[in-house]
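**Q** According to my numbering, the sequence shown holds residues 1 to 461 in order.
Attaching a single structure in C-alpha cells format; questions to follow.
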Amino acid sequence: MLRLMRNEYQKIFSKISTWVLIVLGLLLIVGIHLLFRSNGTNMDIQYSQFSKESIQQQKQYYRSQTSPDYQIELDLYDFIEENDLYTTKEFQLENSWMYLAINEAFYEKQAQLSEASLSSEQRTEIQTELEELKQSVRERDYKKYCEYKQKEIAHMDITDEEKKEVGFAYQYAMDHEWNPDASLAELIESYTRNQKTRFQLEAEKETDSEYYQTVMEEIQIEKYRLENNKIHVISEDSGRYYYEEDRWNMMDTSLLIMTALSMFVVILAGGSIAGEFSNGTIKFLLINPISRRKIFFSKYLTLLSISAIFTVLLYLIQLGFATFLFDGDWNTSYITVQNGVIQEQSAAIFFLTRYAIKAVDLVVMMTMAFMISSILRTSSVAIGLGVGALLAGKTITQFLILTNVDWGRYLIFANTDLEVIKSGTMIFPEQTVTFAIGVIAVYMIVFLLTAYDGFVRRDVC
Numbered sequence: 001m002l003r004l005m006r007n008e009y010q011k012i013f014s015k016i017s018t019w020v021l022i023v024l025g026l027l028l029i030v031g032i033h034l035l036f037r038s039n040g041t042n043m044d045i046q047y048s049q050f051s052k053e054s055i056q057q058q059k060q061y062y063r064s065q066t067s068p069d070y071q072i073e074l075d076l077y078d079f080i081e082e083n084d085l086y087t088t089k090e091f092q093l094e095n096s097w098m099y100l101a102i103n104e105a106f107y108e109k110q111a112q113l114s115e116a117s118l119s120s121e122q123r124t125e126i127q128t129e130l131e132e133l134k135q136s137v138r139e140r141d142y143k144k145y146c147e148y149k150q151k152e153i154a155h156m157d158i159t160d161e162e163k164k165e166v167g168f169a170y171q172y173a174m175d176h177e178w179n180p181d182a183s184l185a186e187l188i189e190s191y192t193r194n195q196k197t198r199f200q201l202e203a204e205k206e207t208d209s210e211y212y213q214t215v216m217e218e219i220q221i222e223k224y225r226l227e228n229n230k231i232h233v234i235s236e237d238s239g240r241y242y243y244e245e246d247r248w249n250m251m252d253t254s255l256l257i258m259t260a261l262s263m264f265v266v267i268l269a270g271g272s273i274a275g276e277f278s279n280g281t282i283k284f285l286l287i288n289p290i291s292r293r294k295i296f297f298s299k300y301l302t303l304l305s306i307s308a309i310f311t312v313l314l315y316l317i318q319l320g321f322a323t324f325l326f327d328g329d330w331n332t333s334y335i336t337v338q339n340g341v342i343q344e345q346s347a348a349i350f351f352l353t354r355y356a357i358k359a360v361d362l363v364v365m366m367t368m369a370f371m372i373s374s375i376l377r378t379s380s381v382a383i384g385l386g387v388g389a390l391l392a393g394k395t396i397t398q399f400l401i402l403t404n405v406d407w408g409r410y411l412i413f414a415n416t417d418l419e420v421i422k423s424g425t426m427i428f429p430e431q432t433v434t435f436a437i438g439v440i441a442v443y444m445i446v447f448l449l450t451a452y453d454g455f456v457r458r459d460v461c
C-alpha cells in the first residue's frame, strides 16, 4: 500500500499543473498578508483620533455656538490641550482608563453640576469628584483613579463583602502597581461592571436566569485573567471571534484561504481516477497483479494525506507570516468555562483546532470529487463538477434557508461547516454538531461506496 501511495505522490507532483497551483496558492497567501499589512492596525481597536489640529478645529466650532450645552465640550477640549493628552498613546485608545476618566469627569460630573436642584453639599461632593478625576488624568496616575473608583464603590448600597468583590480589580491593580494599557483597563472595568450586575440580579432574585449564569462565567474568566496576567485573549460573541492584536486577527482572516486549498485538493481528486482514463493509462495500471481494491484505497489515502499535510503546512505558513508581519502577544489565550472549570487554550493551538475543523469541509468535498472522478471517468468533467459543487454548495444552502425549505438541513453542504453550527448561528432548527456529524458520516459512506463500485466493479472499456 505504501509503495502504491508513493507512486501516486510521484504522479501528482510530477505534473506541472500541480506546481502551478501550489505557486498560485503561495502568491495568494503572500498577497493577502501584504495587503493587510499595508492597511495598518487592528480594526477591533478603536482610536479617538485626537490631534492638535483637530482639537483647535473643535474648539473653534464650539465657540461659534450660542447654546450653553456646548460649554462642556469646550471645557473638555481645553483640558485635553492644556495637558497635552493628544500626545499620549494610551489616551487615544477609547478603552483606556484616561479616556474613560475624562468622559466620566466632563459628561457625567460636570454635566451634573449644571443641575439647579443640587444642594450645596451635593455640589461640593460632585466638584470634589470632578477634580479627583481630572487630577488622576493630569498626573497620569492610575492609582489615584483606582482610589476614586473605590470611594465610588464604598457608597454603593451593598454589603462590605460585596463591595470587596466589586472593587477587587481596582484593589488588585493598586497592589501590583499597574499602569494598565487599554486592554487591561477594559478588563478591570468589565470585571467591575459584571460584579455590579451580579449583585443587582441577586437582589432581584434573578439567579436562575441564563443571563445571570453568563455574567457569573464572565466574572470567573475575568478574575482568572487578572490573577494569571492573561491580558490579551480571544473573545467570542454570537459565534464570531474577536482579537485585540493584529497577529491573531490576521490568522482569523487567513482561514478564508482554506477555500483555495479545498479547490486545489478537489482538482487533484477530480483527476485522480478520471485522469487515468483520460490519459489512457488505466489499462497499464490494471494489468499488474495488484488488486483494484488496493489501487483504489491507495489513491484515496494519498488524497487524504495530501489534505492533512497541506492543511498543516498552510497553518504553519500563515502563522509564520502573521508572526513576521504583525504584532501580537504569544501569551494570548482562548479562555472558556466548562462545567464551572476554567479551560485555557493558547492562541496557536486554538487556530490549529480551527484549521482542523475547517479541514472537515475540505475532506468531504475531496471525497465527493473523488466519487465523481470514479463514476464519470472524464477528468475535465469530474474536476468541473467538483469545483462547481464546492463553490455553489453554500449558495444553494443559503437559498434554501431563505426560502424556508426545511429539508435543506439534510444536504451535505449544510453540515460541513461545523464551526458555524457549533456557534448556533445556523437557521435550520435543531442543527447541532452531532446531527451534522451524522449527516457527514452517511454521505461519506455513500461517496466511498459509490466510488469503490465505480472503480472496482465496473469493466474497463
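Glycine is no exception: its CB is placed at the ideal position from the N, C-alpha and C atoms.
Short of 8 Å in beta carbon distance, which residues of its chain neighbour residue 337, apart from the five on each side in sequence? Order them along the chain.
**A** 217, 220, 221 and 343, listed in sequence order.
**Q** So residue 334 is in the beta strand (DSSP E); what residue range does that whole segment cover?
**A** Residue 334 -> beta strand (DSSP E) spans 333-338.
**Q** What span of residues does the alpha helix (DSSP H) with residue 360 cover, start to end?
**A** Residue 360 -> alpha helix (DSSP H) spans 347-376.
**Q** Tell me whether residue 177, by its Cβ, gets closer than 6 Å to a heavy atom of the ligand COA.
**A** This structure lacks the ligand COA; in fact it carries no ligand of any kind.
**Q** Using beta-carbon positions only, say whether residue 416 and residue 364 come within less than 7 Å of one another.
**A** A contact, by the Cβ cut-off of 7 Å.
**Q** Given a cut-off of 7 Å on the beta-carbon distance, is the pair residue 302 and residue 5 in contact?
**A** Against a cut-off of 7 Å, the Cβ pair of residue 5 and residue 302 comes out as a contact.
**Q** Alpha helix (DSSP H) containing residue 86: first to last residue?
**A** Where residue 86 is concerned, there is no enclosing alpha helix (DSSP H), given that its DSSP letter is neither H nor E.
**Q** Identify, in the order they occur along the chain, each residue of the same chain with its Cβ nearer than 6 Å to the Cβ of residue 325, setting aside the five sequence neighbours on each side.
**A** 33 and 37.
**Q** Please work out which residues of its chain come closer than 7 Å, Cβ to Cβ, to residue 101, disregarding the five sequence neighbours upstream and downstream, and give them in chain order.
**A** So the qualifying residues of the chain are 133, 136, 137 and 145.
**Q** Per the contact definition of three or more C-beta pairs closer than 8 Å, is the region 296-316 in contact with the region 204-215?
**A** Contact between the region 204-215 and the region 296-316 is absent, because fewer than three Cβ pairs lie under 8 Å.
**Q** For residue 220, which of helix, strand or coil comes out of DSSP?
**A** In this structure, residue 220 counts as helix in the three-state DSSP scheme.
**Q** Could you say which of 357, 190, 250 and 206 lies nearest to residue 223 if we only look at CA atoms?
**A** For residue 223, the nearest C-alpha among the options comes from 190.
**Q** What does the alpha-carbon distance come out to for the pair residue 401 and residue 450?
**A** Between residue 401 and residue 450, the C-alpha separation is close to 29 Å.
**Q** So the alpha helix (DSSP H) residue 248 belongs to, where does it begin and stop?
**A** Its alpha helix (DSSP H) spans residues 246-253.
**Q** Going by DSSP in three states, residue 262 sits in which element: helix, strand or coil?
**A** Helix at residue 262.
**Q** Would you give the residue range spanned by the alpha helix (DSSP H) that residue 421 belongs to?
**A** Residues 418-423.
**Q** So, helix, strand or coil for residue 387, using DSSP?
**A** In this structure, residue 387 counts as helix in the three-state DSSP scheme.
**Q** What's the gap between the Cα of residue 46 and the Cα of residue 332?
**A** Residue placement at residue 46 is poorly supported in this model, since its pLDDT is 45, which falls under 50; the coordinates still yield a value, given next. Whole-angstrom Cα-Cα distance: 19 Å.
**Q** According to DSSP, is residue 12 part of a helix, a strand, or is it coil?
**A** In this structure, residue 12 counts as helix in the three-state DSSP scheme.
**Q** Let's see if you can read the secondary structure: which residues bound the alpha helix (DSSP H) around residue 408?
**A** First-last for residue 408: undefined, no H or E at that position.
**Q** Whether or not the region 105-116 and the region 62-82 are in contact is what I'm after, with contact meaning three or more pairs of Cβ atoms, one per stretch, closer than 8 Å; do they touch?
**A** Yes, since at least three Cβ pairs between the region 62-82 and the region 105-116 fall closer than 8 Å, the two stretches touch.
**Q** Excluding five sequence neighbours on each side, which residues of the same chain lie with their C-beta closer than 7 Å to the C-beta of residue 410?
**A** For residue 410, where only same-chain residues beyond five positions count, the Cβ hits under 7 Å are 439.
**Q** Just to confirm, is the Cβ distance from residue 169 to residue 192 under 7 Å?
**A** Yes, they are a contact pair.
**Q** Have a look at residue 270 and residue 368 and give me their C-alpha separation to the nearest angstrom.
**A** Near 9 Å, if we compare the C-alpha coordinates of residue 368 and residue 270.
**Q** Between the Cα of residue 183 and the Cα atoms of 152, 127 and 98, which residue gives the shortest distance?
**A** Of the listed residues, the one whose Cα sits closest to residue 183 is 98.
**Q** So, do the region 245-255 and the region 312-322 have three or more beta carbon pairs nearer to each other than 8 Å?
**A** The region 245-255 is in contact with the region 312-322.
**Q** Assuming the contact rule is C-beta atoms closer than 8 Å, residue 51 and residue 9 should be a hit. Round their C-beta distance to whole Å, please.
**A** Their Cβ separation, rounded to whole angstroms, is 58 Å, which puts residue 51 and residue 9 out of contact at 8 Å.
**Q** Can you give me the C-alpha to C-alpha distance between residue 420 and residue 392, rounded to a whole angstrom?
**A** Approximately 18 Å, taken between the alpha carbons.
**Q** Within this structure, are the beta carbons of residue 447 and residue 371 separated by less than 7 Å?
**A** The answer is yes: Cβ separation under 7 Å.
**Q** Inspect the beta-carbon positions of residue 418 and residue 389 and report whether they are closer than 7 Å.
**A** Contact flag unset, no.
**Q** Considering just the uninterrupted stretch of the alpha helix (DSSP H) at residue 206, what are its terminal residues?
**A** Residue 206 -> no alpha helix (DSSP H), and no H or E assigned at all.
**Q** Shortest alpha-carbon distance to residue 327 belongs to which of 232, 306, 379 and 315?
**A** Here the closest residue by C-alpha is 232.
**Q** Considering just the uninterrupted stretch of the alpha helix (DSSP H) at residue 160, what are its terminal residues?
**A** Note, residue 160: alpha helix (DSSP H), 160-166.
**Q** Indicate the three-state DSSP secondary structure (helix, strand or coil) for residue 236 in the structure shown.
**A** DSSP places residue 236 in strand when its eight states are reduced to three.
**Q** Using DSSP with H/G/I as helix, E/B as strand and the rest coil, what is residue 344?
**A** Three-state result, residue 344: strand.
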